[in-house]
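The listed protein sequences derive, respectively, from chains A and B.
Residue 7 is where the first sequence starts when you use this note's numbering, and the numbers rise one by one after that.
Residue 267 is where the second sequence starts when you use this note's numbering, and the numbers rise one by one after that.
Using N, Cα and C, we set each Cβ at its ideal position, and we do this for glycine too.
What follows is a set of notes on a single structure, which appears directly below.
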Amino acid sequence: MTTYCDHAATTPPRPQARAALAAWLDAANASSTHLAGQAARVAVEESREAVATALGCSPHEVVFTSGGTEADNLAVKGITWAARDRSRGVPHVVTTAVEHPAVLDPARWLAERGDATLTVVPPGGDGRVDVEEVLAALRPETALVSVMAANNELGAVNDIPGLAARLAEREVPLHTDAVQAVATLELDVARWGVDALALSAHKFGGPQGVGLAVLRRGLPVVPLAHGGGQDRGVRSGTFAVGLDAACGAALTAAVADRAELRPRLLALTDRLAAAVTALEGVRRSGPSDPSWRLASHVHLLLDGVEATALALELDAAGVAASSGAACGAGAAKSSPVLEACGLQGTPLRLSLGWTSTAAEVDRVIDVLTDLIPRLRASRSAVVR
Amino acid sequence: MARVLVAMSGGVDSAVAAALLVDQGHEVTGVHLKLADLPLDAQVPGHGCCTLDDAQDARRTAQVLDIPYYVWDLSEVFEREVQTPFAASYAAGRTPNPCVTCNERVKYAALLDRALALGFDALATGHHARLRRHGAPVVGPGPGVELQRAVDGAKDQSYVLYVATPHQLAHTLLPVGELTKAQVRAVATERGLRVANKPDSYDVCFIPDGDTTGYLAERLPAAPGPIVDTDGEVLGTHDGLWRFTVGQRRGLGLDHHERRFVTDVEPASRTVRVGPREALACAWAELDRPNWTRGAAPSGPVRVQIRAHGRSVPGRLVVGEGRLHVGEDRVRVELDEPVHGLALGQAAVVYDPDDLVCLGGGRVIAAERPAGLPLTSATSRQRS
């Protein structure tokens with residue numbers, strides 16, 4: 007029996023999502039004009055409305071995608087390209103060193119191609135990004151600012167509403183990758199004042215393979231996928247009826263559950279962190295103020311523990327947790343986010359979610375209390 | 267039953283090694299080593315290893331065999347211990363065998379040590395060589411192991427394993443050495459492994475296109491020097507010693523109808539000497555810091571092999587004034603019949619008179635040509 011502590015990677019699907027997926031797996035093409043197609047389209051549009059209600063935006067602003075990566079790419083490339091098309095100059099993009107690669111890589115790619123110039127703002131040691139530093143990076147030709155709502159590794163929360171207000175004065179569009187944030191943070195697109203936002207369904211209890219972008223009306227976006235012109239031409243491709251329906255159902259359930267989930271997870275993660283940081287050589291990273299930290303995340307840095315040994319022993323003990331992001335081949339690689347924050351040590355991210363229980367946390371505490379001193383003792387034998 | 271870590275390259279041999287160990291009842295864990303950090307556009311499908319396709323093949327094999335699978339990034343160790351010395355060795359006018367270095371410094375050092383420290387009892391690889399204990403095939407870890415040539419003589423890889431110490435052999439399993447290559451492929455087919463018909467790789471893994479000269483040209487600065495014949499007459503010039511290896515006939519760039527071979531490469535004067543084939547004959551070689559697989563140096567007649575896929579010749583180890591013992595950092599092998607094209611840096615591997623048991627060997631640090639001019643380099647003199 008695995009004790010699952012990697013909800014930040016994928017959280018189990020909620021029953022409402024399972025039901026919607028099962029109900030709409032057998033759907034006609036939602037773009038077909040016949041009655042069967044119209045029936046399938048109902049599921050897509052109802053889901054779009056559910057998403058809009060859950061996020062505080064208009065249904066016209068919701069574009070379903072294949073996941074968070076596509077949504078981020080659509081916002082970063084689409085908004086930048088549209089800005090380039092409107093002006094003669096090369097647009098400028100501002101983002102941060104703690105972004106997910108789904109934002110940072112397209113931004114760098116645009117810069118390498120000469121489609122944009124790029125400024126990457128460094129984070130503080132706790133993984134948060136300072137609003138003033140972002141504003142200081144702006145130029146007259148800045149066409150997009152992309153700052154993630156909460157970092158996936160450290161769980162560090164950024165002041166997106168504060169940043170959005172300052173950017174609105176200067177009429178610079180703001181995109182935020184809110185993939186990690188939405189499960190536990192109050193997220194309201196209108197109140198936050200963002201122009202674009204990316205979500206991934208499997209982080210909030212939906213299936214893998216679906217996500218969404220919110221794109222403010224009137225914001226020009228060049229599509230990534232050209233074809234049949236679905237979703238206002240911004241995202242061509244046959245509607246994934248079952249996945250889209252499950253995405254909306256999961257988000258509705260997650261948002262309804264959020265006010266209860268957040269304090270529950272906060273209590274669990276604080277207990278977990280307190281028990282584990284009592285061990286020698288274990289430090290908790292990320293913001294110390296819980297209001298700037300995701301309730302779901304405990305990010306630890308272990309001194310004197312070798313990463314491959316940690317991964318093997320956690321598996322052997324039946325604990326699923328993240329001991330490093332994987333490269334293309336699957337090897338754990340050093341984290342650019344932790345490097346940007348100047349953090350050292352072997353990282354271990356434990357992330358909880360809607361299925362987490364106190365008993366699971368107790369078990370993880372037991373496992374780590376046994377494991378970490380043992381791994382510290384044997385480290386010299388592993389590392390040459 | 268033992269806890270066995272099997273190094274899975276993504277090829278058919280290591281896949282079948284893992285399968286056989288599972289069948290033997292061992293508790294098997296697969297690990298794929300990320301060694302060369304090849305850029306994606308340098309990855310040639312079907313050549314070398316370390317490509318993403320290979321990692322994916324290894325992962326899929328582990329899934330089919332239902333064993334845990336990890337990818338370990340040893341690219342820093344590999345760069346430091348194999349790739350950098352490989353280029354440096356060519357720059358010094360030698361001809362290194364990087365597979366030997368990899369076994370010595372990576373697989374039997376970084377990897378085996380880590381495996382043992384992590385609680386594994388043995389490391390298995392897909393090398394074609396046999397292990398015997400009291401004449402019987404080795405099926406589990408323990409002392410008293412003899413390294414022998416593979417059942418499949420054409421595929422024998424005992425040559426590159428001569429670096430294994432008795433302690434390392436005690437913790438090594440080589441299950442496919444008992445099978446012919448055809449049998450290995452048959453097992454893979456029977457088990458439904460998709461690598462069953464994957465082509466063998468013959469290249470240096472970090473030079474997947476096989477262009478060693480091109481690889482070295484990127485790493486080493488141009489260092490021009492003369493090409494001279496046996497009489498010292500300058501026949502031409504070259505732009506780097508690393509383009510040449512003793513015994514080489516092609517690519518000399520000499521406008522001459524005679525068959526000429528590289529007979530010597532002198533790093534101090536950057537001189538490449540060429541001459542007739544007779545000038546290549548060597549009657550003895552001195553080995554730097556030899557390893558003996560049984561712990562003690564053999565006495566009496568032996569056979570010596572100086573190329574990975576060459577044939578062995580009869581000879582004997584010179585035991586001079588009792589100087590020859592384990593830990594001796596230099597020994598001499600005298601060859602009953604001269605070998606042609608012996609280059610410094612090559613491994614001379616010693617077998618028993620039956621040409622079956624791999625007794626050990628060492629890198630050639632000095633060798634003699636019949637003309638009486640010792641084939642030796644300035645750097646080798648300094649080191650000895």
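Within chain A, no residue has its CB atom less than 9 Å from the CB of P407/B, the nearest being about 17 Å off. Apart from the 5 residues on each side of it in sequence, L110/A sits with its Cβ closer than 7 Å to the Cβ of T101 in its chain, given in chain order. DSSP places K300/B outside any alpha helix (DSSP H); the residue lies instead in the beta strand (DSSP E), whose first and last residues are E293 to K300. Taking the beta carbon of T314/A as reference, the chain B residues within 8 Å of it are Y336, W338, R380 and L384, listed in sequence order. Residue-level contact check: L267/A does not touch chain B, since none of the beta carbons of chain B fall below 7 Å from its beta carbon.
If you ignore the 5 residues before and after W87/A, its C-beta comes within less than 6 Å of the C-beta of V228, all in its own chain and listed in chain order. For G248/A, no beta strand (DSSP E) segment is defined; the enclosing uninterrupted segment is the alpha helix (DSSP H) at V247 to T283.
The residue from R596/B, V605/B and Q414/B with its alpha-carbon nearest to that of V584/B is R596/B. Contacts between A317/A and chain B, judged by CB atoms closer than 8 Å, involve Y336 in chain order. Fewer than three pairs of CB atoms, one per stretch, sit closer than 8 Å, so the stretch 228-241 of chain A makes no contact with the stretch 16-28 of chain A. Excluding its 5 nearest sequence neighbours in each direction, V163/A has C-beta neighbours in its own chain below 6 Å: A156 and W298, listed in chain order. In the DSSP assignment, D554/B forms a beta bridge with R596/B and R629/B. Non-local beta-carbon contacts of R172/A in its own chain, meaning distances under 7 Å to residues more than five positions away in sequence, involve V137 and L141 in chain order.
From the listed residues V282/B, L271/B and S275/B, the smallest Cα separation to H292/B is found for L271/B. Within chain B, the C-beta atoms nearer than 7 Å to that of D321/A come from P334, in chain order. Within the DSSP bridge table, the entry for A202/A names H181/A and L221/A as partners. Straight-line spacing of the CA atoms in C63/A and L180/A works out to 15 Å. Looking at W360/A, G348/A and L377/A, the one whose alpha-carbon comes closest to that of P129/A is G348/A.
For the set K300/B, V605/B and L518/B, the Cα lying nearest the Cα of M274/B is the one of K300/B. Distances from the alpha-carbon of D418/B to those of F510/B, L318/B, G443/B and I572/B put G443/B closest. Taking V325/A as reference, the option from R355/A, A207/A and E147/A with the minimal CA-CA separation is R355/A. Less than 7 Å separates the beta-carbon of V528/B from that of V512/B.
Counting the other Cβ atoms within 10 Å of the Cβ of Q571/B gives 16 or more, which makes it buried. Only buried fits Q514/B, as 16 or more other CB atoms lie within 10 angstroms of its CB.
For I166/A, the uninterrupted alpha helix (DSSP H) segment begins and ends at I166 to R176. Cα atoms of E55/A and S152/A: separation of roughly 25 Å, rounded to the nearest angstrom.
For R290/A and V311/A, the gap between their C-alpha atoms comes out near 15 Å. Residue environment analysis places R119/A among the exposed positions, since fewer than 16 neighbouring C-beta atoms fall within 10 angstroms of its C-beta. As DSSP reads the structure, L354/A sits in a beta bridge with L306/A. Across the structure, L249/A and L358/A are spaced so that their CA atoms are roughly 24 Å apart.
Following the DSSP letters along the chain, one finds Q571/B inside the beta strand (DSSP E) bounded by residues P567 to Q571. L31/A is classed as exposed because its beta carbon has fewer than 16 other beta carbons within 10 Å across all chains shown. Annotated three-state conformation of H606/B is strand, per DSSP. In this structure, the beta-carbon distance from A77/A to A255/A does not fall below 7 Å.
For secondary structure counted as the beta strand (DSSP E) over 3 or more consecutive residues, the stretch 329-376 of chain B holds these complete runs in sequence order: 335-339. Here E312/A carries a coil assignment [DSSP, helix/strand/coil].
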